[in-house]
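**Q** Here's a structure for you.
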Amino acid sequence: MANTIRKDRIAQLVSRLTDYDVYGPVEEDGVFLYRRVTGPPPPGFTNSRVPPKSIFFPQTETMMEFEKDGTGHRFVGAREPERAARKILLLGGRPCDVRAATFLDRLFTWDYIDPYYVDKRERATVISFTCTGPMPNEQCFCPSMDGSPSGTEGADMLWTDLGDSYYVEALTPKGEAILSAGGDAFGKAGKKDAGAAKEVKAAADERITRRFDREGVAAALECLFDDPYWDTVSEPCLGCGICTLLCPTCHCFDINDVVRKGEGRRERTWDTCQAAYYSLHASGHNPRPGKKHRQRNRLYHKFLYIDRNLGIVGCVGCGRCIANCPVNIDIIEVAEGTKTCAEARREGAGADAKGAA
Amino acid sequence: MSKGTRKRGKAEGVGPAEAPRPVGGRGGPDGASAKVHAAQEHNVYLPVTATVTKIELEAGGARPIRTFTFEIDAPAEHARFLHRPGQFIIVSQFGTGESVFAISSFPNADGVIQVSAMKVGNVTGKMHELKVGDKVGLRGPYGNDFPVDAWKGKDMVFIGAGIGVSPVRSVYQWVLHPDHRKDYGNVTLIYGARTPADLAYKEEFAAIEARDDVDLWLCIDWAFGPKGPIEGDAQPGWPAINMKAPGETVVPEGKRRFTCFVPQLVEVVKPSPENAIVVTCGPPIAIKFITQALAKLGWTPSQIYTTLENRMKCGIGKCGRCNIGDIYVCKHGPVFTYEEVKRMVNEF
Amino acid sequence: MPDASAKEAQVRDIARRWLASGEVRYVIGYAAGRGNVARAAFVRRAGDADRLIWNPTCVNNLTLFLREEMLRKLAKGEKPDPRPIGIVVKPCDSKTVVELVKEHIVDPARVRVIGLTCEGVCDPKKLVGTEVGPHAVTADTIADKCTVCRLHNPLMADEVVGDEVPETVEDDYSDVAEIEAMSPEERWAYWERQLSRCVRCYGCREVCPLCYCAECVFDREKPYRWNERTVQLPENLWYHAVRAMHLAGRCIDCGECERVCPMDIPIRKLNRYLEKKAKERYGVEAGRSAEDAPTFGSCDVDDPEEFIW
Amino acid sequence: MAENDSWEPKIIGFLCNWCSYTGADLAGTSRLQYPHNIRVIKVMCSGRVNPQFILKAFQEGADGVLVSGCHPGDCHYIKGNYHARRKLTLLHDLMDYMGIDPGRFQVSWVSASEGHKFAEVVTRFTEQVKALGPQTKFTGGEA
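For the record, the sequence lines run as chains A, B, C and D. Under our numbering, the first sequence is numbered contiguously, ending at residue 357. Under our numbering, the second sequence is numbered contiguously, ending at residue 1348. Under our numbering, the third sequence is numbered contiguously, ending at residue 2309. Under our numbering, the fourth sequence is numbered contiguously, ending at residue 3143.
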């Protein structure tokens, strides 16, 4: 059933996808980013610095434009800007990032539909690429988060690099649509290709060395909220937003009105729970005044709160926050550390109880 | 009443506000949400335009409080804004931003919404410059509500301090409404502000005072000296209570106005916890002392209802910031029993 | 090259001695981190002094934590502790201490400095993908800031670790000159490309030991937002221009901003240009001596003014 | 470049209270002709002008920004204009370095008696900004 596509036919495929705006990874000054593309992903692309969530949930997005009254000086209403109608194709998502989008789906449809996100998601077809070349790297730990370097969750197609060509699996009707639009750009896959793809996938699994033993973290967090542990782990923290802005599952945003040259708009931008202003009340009171409160909130949100509310864990194991943290804070170490800490506290409490008895 | 089993009134409005929502952060995205999706055809973030029809100054000073009455322009949108007592609304000052307010008016389908706002930030600052006829944006109503139907047959005690009375107002208006008054037992209203001038909704309270089916108690704060509150009447006509032991104050027959703090007035009034519910809102510190005073009188935390607030942007549980532990104030709240509040992590 | 492990042992000895005698509250130093970057360590007991390390992965500037401590508000009920803080610094970092003393943020009596002589450290970005382990400083791994560094011996150190290293060549600002040589259109195209990438994580601000305003202009909401949260070129440009101006004549080129930038924006090229200009025009240099006047806090009647009408 | 001949630049002028503002007043009372493109913001001293005011003016849509103060040595506050000179010179350098048309930003010294000079400065600066066309780098608009 599966197909293949030769690498030199990808540009042709893209040219046939006239209904689609195609996004893919490109290298810019040494950094991989998702941009509009016309051809295949560069060989050996790694995880992008900014995850492809930006395609469905742009860092800055105009939510509405303001209407003026007759005087032309006062804003008296708001209208939604015209929505784009064209389809979107993500050509070259990594399985972890694509899986993260399914988490955002849950959040953005949680009781209320977020029209901006959902609209783009519905228009989008996602092609995941099995991790090959430099990926997975030493930061990756997706299997520990129930993912896989050849995972298909959230993907419409999975492409696996076989050297001169990709092994193409269409997973959904949206994926099938790409196959039919591509026509003879795709070829039929043989048994040999299937075997080769299987090997590539297995090799990717092999290369992942980092492990995160999640078992027991949530239970440990339950009893560590007011623990001095958070003072220790947050001590070197800078309070920058790198870990959250680059996280494929982080979804917090800010809504602000911007007026420039007499024109007004309301826009949303990514926000970070690591910033002091994030939770600051207008009165000046801040329920999370310190770095330790904010870092604690990040950990709890990822490993406890989002699980309770939406039944998912807020991490896919892409390793971005670890690789890019300026002060070398490692989410796995911090999360696993809670278990040791909770254990020590329990023992301490046990000893106290014994002493009292 | 335990988490998640709180009874809801039958759906009277339309839109997301009426869908059964998980309470206390233990719900999932399935089931209930499907119904919501079907109902939500509009862009939840897009405010509708409303006109300011009335502005009343409730309290002056550096942080004045005004009550604004908005009327939604498009009649077709009116029904969508039918709220339940306790829900909040997000007011847009186009070009400045949005701000969240408890709806203080009686639930109605006329597209009339009232909020009381203190001037603290950029948006509230702009609001206080509004004039009758100006346009604002409204979206909502959001959040859960007071389970007024489950309270039928009970005595009701309302306690408000300062501007915190505004979320309480939507509930006592509900209870005191001719259609509903018969559903509830005795009604006691306890309210205090810094000075007589700071007492909000003066006309309304005058009307309530005249009613014989409500027991209204008012107080103003003690006068302050360098060493704290000064014993004695802060204003003529506002006799001081027994400062050392409020509970032992001898109340002259028919006297309902005193000099004291709201929690002390609670001890003076001594509302009975027997088959009764308290609704109280105000600054966290006031809530803390009010609940302590109520505990002395034998009230349990599950009988006490309050509303919480936190910084919000989206109002619908997406933007992240208003969480207290796993509870989103905007989505699971803003109405909580004091028992629920006590169970929350210490992040206020 | 002097043996790093000998220096490491010396750092541990000093820290142990200071902590054992109780003359410092704690010592801020380097500890082994994951991967190829050292991590900040806050050592409070003499017995923990062996956690401290010194090797070419010690690229971070720890004075940021010193500044944080100096400006920290005491917690409720906390009694002020007059004892100084011990800190491990490289020569470049010691310039930050000088600058912080100059700006009256750090009281010299409240700090004890372990100063290391240094001939350069590694750039962690250049080590990505290599084996984790002790790395030597080579032409391939040396941090860019170290190639133009003129200071190899620490200033203001209470104890110096390592033998004096002779000064090397004068900084020629060739990286800045490359951009200056471009046409205005090329310069704009260059910065447009670089700054469009910015995600405004504010990492460069947070890591800067000299960015310490109680409320940063980029965070201010009331009564007016100076810079919108919009992450697009105009706002990014405003952010980087204002940030650079705020550091003009103060930046000591520790390079932390560029190191932490997740989008690899050449932030040092902005800072160093202003450093160069301040030096050319006013003869000022940050972090040279705590006795110097601050660049913008002083003036000279003969300052150049060729662009003024 | 502005295609449209009717385009007129918006110029923000930060004028010091003691010299340049009075100089501008004098230009007005002397009925001197100068372009009306300048919108004046009075500041107590040119030293008050924070570089970020200038960048903010650009962000809000100014096409040019003029800062004018007392001549060196004449500052009402003794050294305010010397401080301004340092800061603003470096800002001018930075704009040049970043390729943001340094010609849109100008500093001048105009005394209270120099109504003529004020008119000249404004005329010359307006022409200079006009030649550069609309400013879009800080506003993100199309040229």
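Even for Gly, the Cβ is constructed at its ideal location relative to N, Cα and C. None of the values given here were measured: they were computed from a predicted structure.
Looking at chain C, is there any beta carbon in it that lies within less than 8 angstroms of the beta carbon of Gly1121(B)?
**A** The sequence position of residue 1121(B) within the second sequence is 121, counting from 1. Chain C contact via Cβ: present.
**Q** Would you call the segment 2187-2198 of chain C in contact with the segment 2038-2058 of chain C, where contact means no fewer than 3 C-beta pairs closer than 8 angstroms?
**A** Not touching, per the Cβ criterion.
**Q** Would you decide whether Val1335(B) is buried or exposed? Buried here means 16 or more other CB atoms lie within 10 Å of its CB.
**A** As a first step, residue 1335(B) must be located in the second sequence, where it is residue number 335. Buried: at least 16 other Cβ atoms inside 10 Å.
**Q** Are Ile2028(C) and Phe2065(C) touching if we call contact CB-CB under 8 angstroms?
**A** Mapped onto the third sequence, residue 2028(C) falls at position 28. Mapped onto the third sequence, residue 2065(C) falls at position 65. Yes, they are a contact pair.
**Q** I need the DSSP call for Phe3138(D), collapsed to helix, strand or coil.
**A** Stepping through the fourth sequence from its first residue, residue 3138(D) is reached at position 138. If DSSP states are grouped into helix, strand and coil, Phe3138(D) belongs with coil.
**Q** Does the Cβ-Cβ distance between Asp213(A) and Leu162(A) come in under 8 angstroms?
**A** Walking along the first sequence from the start, residue 213(A) turns up at place 213. Walking along the first sequence from the start, residue 162(A) turns up at place 162. Not closer than 8 angstroms, so no.
**Q** What does the alpha-carbon distance come out to for the pair Gly1027(B) and Gly311(A)?
**A** Here the question's residue 1027(B) lines up with position 27 in the second sequence. Here the question's residue 311(A) lines up with position 311 in the first sequence. In this prediction, Gly1027(B) scores a pLDDT of 34, lower than 50, which makes its location untrustworthy; the coordinate-derived value is nonetheless stated afterwards. Each residue's alpha carbon lies about 9 angstroms from the other.
**Q** Is any heavy atom of the ligand SAH found at a distance shorter than 7 angstroms from the C-beta of Leu162(A)?
**A** For the ligand SAH, the structure offers nothing, since it holds no ligand at all.
**Q** Under a Cβ-count criterion, where at least 16 other Cβ atoms within 10 Å of its own Cβ denotes burial, should Trp3007(D) be classed as buried or exposed?
**A** Residue mapping note: residue 3007(D) aligns to position 7 of the fourth sequence, counting from 1. The residue is exposed, with fewer than 16 neighbouring Cβ atoms inside 10 Å.
**Q** For chain A, is any of its Cβ atoms less than 8 angstroms away from the one on Val1091(B)?
**A** One-based indexing of the second sequence puts residue 1091(B) at position 91. By this cut-off, Val1091(B) is not an interface position.
**Q** Cα-Cα, which of Ala1207(B), Ala1276(B), Met1243(B), Lys1296(B) is closest to Gly1185(B)?
**A** The residue you call residue 1185(B) lines up with position 185 of the second sequence. Ranking Ala1207(B), Ala1276(B), Met1243(B), Lys1296(B) by Cα distance to Gly1185(B) puts Ala1276(B) first.
**Q** If you check the beta carbons only, do Ala100(A) and Val316(A) fall under 8 angstroms apart?
**A** The residue labelled residue 100(A) in the question sits at position 100 within the first sequence. The residue labelled residue 316(A) in the question sits at position 316 within the first sequence. Yes, these two residues count as a Cβ contact at 8 angstroms.
**Q** Between Gly1025(B) and the rest of its own chain, which residues show a CB-CB distance below 7 angstroms, the 5 nearest in sequence each way excluded?
**A** Position 25 of the second sequence, counted from the start, is the residue given in the question as residue 1025(B). With a pLDDT of 35 at Gly1025(B), under the threshold of 50, the predicted position of this residue should be treated as unreliable, and no value is reported.
**Q** Measuring only between beta-carbons, confirm whether Cys341(A) sits less than 8 angstroms from chain C.
**A** Locating residue 341(A) in the first sequence gives position 341, counting from the first residue. No, because no Cβ of chain C sits closer than 8 angstroms to the Cβ of Cys341(A).
**Q** I'd like to know if Pro1334(B) contacts chain A, where contact means its C-beta is closer than 8 angstroms to some C-beta of that chain.
**A** Taking the second sequence and counting its residues from 1, one reaches residue 1334(B) at position 334. Chain A contact via Cβ: absent.
**Q** How would you label Glu176(A), buried or exposed, when you count the other beta carbons within 10 angstroms and need 16 or more for buried?
**A** Taking the first residue of the first sequence as position 1, residue 176(A) is located at position 176. By the neighbour-count rule (16 or more Cβ atoms within 10 Å), Glu176(A) is not buried but exposed.
**Q** For Ala3024(D) versus Phe3118(D), is the C-beta distance shorter than 8 angstroms?
**A** Along the fourth sequence, read from residue 1 onward, the residue named residue 3024(D) stands at position 24. Along the fourth sequence, read from residue 1 onward, the residue named residue 3118(D) stands at position 118. Going by C-beta atoms, Ala3024(D) is nearer than 8 angstroms to Phe3118(D).
**Q** Just verifying my parser: in three-state terms, what is the DSSP assignment at Leu171(A)?
**A** To locate residue 171(A), count along the first sequence from 1; it is residue 171. Leu171(A) falls in the coil class under three-state DSSP.
**Q** Please report the straight-line C-alpha distance between Val1036(B) and Val258(A), rounded to a whole angstrom.
**A** The residue given as residue 1036(B) occupies position 36 in the second sequence. The residue given as residue 258(A) occupies position 258 in the first sequence. With a pLDDT of only 44 at Val1036(B), under the threshold of 50, the placement of this residue in the model should not be trusted, and no figure is reported.
**Q** In chain B, which residues lie less than 8 angstroms from Pro2223(C) when you measure between Cβ atoms?
**A** Taking the third sequence and counting its residues from 1, the one referred to as residue 2223(C) is at position 223. Simply Asn1122, Gly1125.
**Q** Can you give, in chain order, each stretch of the alpha helix (DSSP H) that sits fully within the segment 3027-3062 of chain D and has at least 4 residues?
**A** Correct list: 3051-3059.
**Q** Report the neighbours of Asp254(A) on chain C: residues whose CB is nearer than 8 angstroms to its CB, in chain order.
**A** The residue you call residue 254(A) lines up with position 254 of the first sequence. Per Cβ cutoff of 8 angstroms: Arg2229.
**Q** Please name the residue, chosen from Gly290(A), Ala342(A), Glu333(A), Ile331(A), that lies closest to Ala2075(C) on a Cα-to-Cα basis.
**A** Counting from one through the third sequence, the residue named residue 2075(C) turns up at place 75. Of the listed residues, the one whose Cα sits closest to Ala2075(C) is Gly290(A).
**Q** Is any beta-carbon of chain A found at less than 8 angstroms from that of Gly2203(C)?
**A** Taking the first residue of the third sequence as position 1, residue 2203(C) is located at position 203. Closer than 8 angstroms: yes.
**Q** For Arg2039(C), go through chain A and note every residue whose CB falls closer than 9 angstroms to its CB, in chain order.
**A** Taking the first residue of the third sequence as position 1, residue 2039(C) is located at position 39. Near Arg2039(C) (Cβ distances below 9 angstroms), the residues of chain A are Pro236, Val327, Asn328, Ile329.
**Q** Could you tell me the alpha carbon to alpha carbon distance between Pro2077(C) and Gln1264(B), rounded to whole angstroms?
**A** Your numbering for residue 2077(C) matches position 77 in the third sequence. Your numbering for residue 1264(B) matches position 264 in the second sequence. With the sequence shown as reference, residue 2077(C) is identified as Gly, and Pro is not the correct amino acid for it. When rounded, the distance between both Cα atoms is 29 angstroms.
**Q** According to DSSP, simplified to helix, strand and coil, what is Val217(A)?
**A** On the first sequence, residue 217(A) is found 217 positions in, with the first residue counted as 1. Note: Val217(A) maps to helix in three-state DSSP.
**Q** Report all residues from its chain with a CB closer than 8 angstroms to the CB of Leu2274(C); omit the five preceding and five following residues, and keep chain order.
**A** Here residue 2274(C) corresponds to residue number 274 of the third sequence, with the count starting at 1. Ala2244, Met2245, Leu2247, Ala2248, Gly2249, Cys2251, listed in sequence order.
**Q** Can a CB atom of chain G be found closer than 8 angstroms to the CB of Asn1242(B)?
**A** Absent from the structure: chain G. Protein chains present are A, B, C and D.
**Q** Could you work out which residues of chain D lie near Tyr2282(C), taking near to mean beta carbons separated by less than 7 angstroms?
**A** Locating residue 2282(C) in the third sequence gives position 282, where the first residue counts as 1. Within chain D, the residues near Tyr2282(C) are Arg3086.
**Q** How would you call Tyr2224(C), buried or exposed, if buried means at least 16 neighbouring beta carbons within 10 angstroms?
**A** Locating residue 2224(C) in the third sequence gives position 224, counting from the first residue. It counts as exposed.
**Q** Would you call the segment 2169-2179 of chain C in contact with the segment 2111-2129 of chain C, where contact means no fewer than 3 C-beta pairs closer than 8 angstroms?
**A** No, they do not touch.
**Q** Just to confirm before moving on: does the CB-CB distance between Leu91(A) and Pro41(A) stay below 8 angstroms?
**A** Position 91 of the first sequence, counted from the first residue, corresponds to residue 91(A). Position 41 of the first sequence, counted from the first residue, corresponds to residue 41(A). Their beta carbons are under 8 angstroms apart, which means Leu91(A) touches Pro41(A) by this criterion.
**Q** What are the start and end residues of each continuous beta strand (DSSP E) run of 3 or more residues lying completely inside the segment 251-302 of chain A, in chain order?
**A** Segments of the beta strand (DSSP E) lying fully in the segment 251-302 of chain A: 253-260, 263-270.
**Q** Would you say Thr3226(D) lies against chain A (beta-carbon separation less than 8 angstroms)?
**A** This structure cannot settle anything about residue 3226(D), because the visible part of chain D is limited to 3001 through 3143.
**Q** What are the complete beta strand (DSSP E) segments, minimum 3 residues, inside the segment 2139-2182 of chain C?
**A** As far as the segment 2139-2182 of chain C is concerned, its whole beta strand (DSSP E) runs of at least 3 residues are 2159-2161.
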